[in-house]
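What follows is a single structure, written as structure tokens, with notes after it.
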Amino acid sequence: MVLKRMRDMFVAQINEGLDKVENPRVMLNQYVRDMESDIAKAKHIIIEQQTIERGFKKKFEEAEQLETKRRNQAQLAFDAGEEELARKALAEMKYYEEKAKEHKESYELAKNQVKELKNQLETLEGKLQDLKDKKHALIARANAVKAKEHLNASFNRIDSESAYREFMRMENRIEEMEIKVNSFADISGSSSFTNLEYAGEVEKEIEKMKAKKKDNGELLASKQ
Numbered sequence: 039m040v041l042k043r044m045r046d047m048f049v050a051q052i053n054e055g056l057d058k059v060e061n062p063r064v065m066l067n068q069y070v071r072d073m074e075s076d077i078a079k080a081k082h083i084i085i086e087q088q089t090i091e092r093g094f095k096k097k098f099e100e101a102e103q104l105e106t107k108r109r110n111q112a113q114l115a116f117d118a119g120e121e122e123l124a125r126k127a128l129a130e131m132k133y134y135e136e137k138a139k140e141h142k143e144s145y146e147l148a149k150n151q152v153k154e155l156k157n158q159l160e161t162l163e164g165k166l167q168d169l170k171d172k173k174h175a176l177i178a179r180a181n182a183v184k185a186k187e188h189l190n191a192s193f194n195r196i197d198s199e200s201a202y203r204e205f206m207r208m209e210n211r212i213e214e215m216e217i218k219v220n221s222f223a224d225i226s227g228s229s230s231f232t233n234l235e236y237a238g239e240v241e242k243e244i245e246k247m248k249a250k251k252k253d254n255g256e257l258l259a260s261k262q
């Protein structure tokens, strides 16, 4: 008996663990949390990428402005007959021209990456909304299936348990007792009815029996 209880407790603990693992509500809520976490990470990455994008844009614009400035300075120096100064300005102009090109490429790349990340984020947010919309319906369907499983298991357990069979046996026993009691009541009621119906005739018979007894007594006394 003790071993059976221990086994039942062990099986119940395993089933409870499985129910938790396979609980649709828990799993769907976990999916939602995971997607929300991914979206939060994606937004953080986008913010970082936008900061990088703005940094490259700023460097590109500054290099472009310096390139234009050195070009103008070189022209002014050349017009003033200061060729060495013009050469120096042109060298710096070329440097900033190269830097502007480099920063522009980095800026364009970062901008495209931000655009791609935003598109992915939009897709992910759409999927998250779809999951949220479907979650309650899926949970309701899963709960209905779970409830049906529990009911089926309960019916099977009731059919197989000795306690239920004993209960049914006791119910049959009580029914038999009720039948016996009711039958006795019917017989008693029928006898009462008969006594009342033939009361007069019964009294006549009693009087006859008394008279006969009296005659027999007198006859016996005369013989003595």
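Reading the sequence shown from the start, the letters are residues 39 to 262 in the numbering used here.
Cβ atoms here follow ideal geometry from the backbone N, Cα and C, with glycine treated the same way.
Just so we're clear, the structure is a prediction, and the values are computed from it rather than from any experiment.
Taking a cut-off of 8 angstroms on C-beta distances, the region 78-87 does not touch the region 101-111, as fewer than three cross pairs fall below it. For MET131, the CB contacts under 7 angstroms within the same chain, skipping 5 residues up- and downstream, are GLU105, ARG108, ARG109, ALA112 in chain order. By the C-beta density criterion, VAL240 is exposed, having fewer than 16 other C-beta atoms within 10 angstroms.
At a Cβ-Cβ threshold of 8 angstroms, GLU91 and LEU166 do not count as neighbours. Rounded to the nearest whole angstrom, the CA to CA distance from GLY119 to GLN87 is 47 angstroms.
Just so you know, the alpha carbons of LYS246 and ILE217 end up roughly 41 angstroms apart.
Only residues of its own chain outside the window of five on either side were considered, and among them LEU123, ALA124, ALA127 have a CB closer than 7 angstroms to the CB of ALA115, listed in chain order. Taking 8 angstroms as the upper bound for CB-CB distance, VAL70 and LEU169 are in contact here, some 6 angstroms apart. The beta-carbon distance between PHE94 and ALA175, rounded to whole angstroms, is 47 angstroms. This is too long to meet the 8 angstroms contact definition.
In this structure, ASP76 is the residue among LYS248, ASP76, MET65 with its C-alpha nearest to the C-alpha of LEU155. In its chain, beyond the 5 residues on either side, LEU169, LYS173, LEU176, ILE177 have a beta carbon closer than 8 angstroms to the beta carbon of LEU66. If you compare the alpha carbons of ASN210, ALA249, ARG211, THR89 with that of GLN151, the shortest gap goes to THR89. Distance check between GLU136 and each of ASN220, ASN157, LYS97 places LYS97 closest, using alpha-carbon atoms only. In the three-state reduction of the DSSP assignment, GLY238 falls in the helix class, which pools H, G and I. Under the three-state reduction of DSSP, ALA115 is assigned to helix. Sixteen is the threshold: when 16 or more other Cβ atoms of the shown chains lie within 10 Å of the Cβ of ALA138, as they do, the residue is buried.
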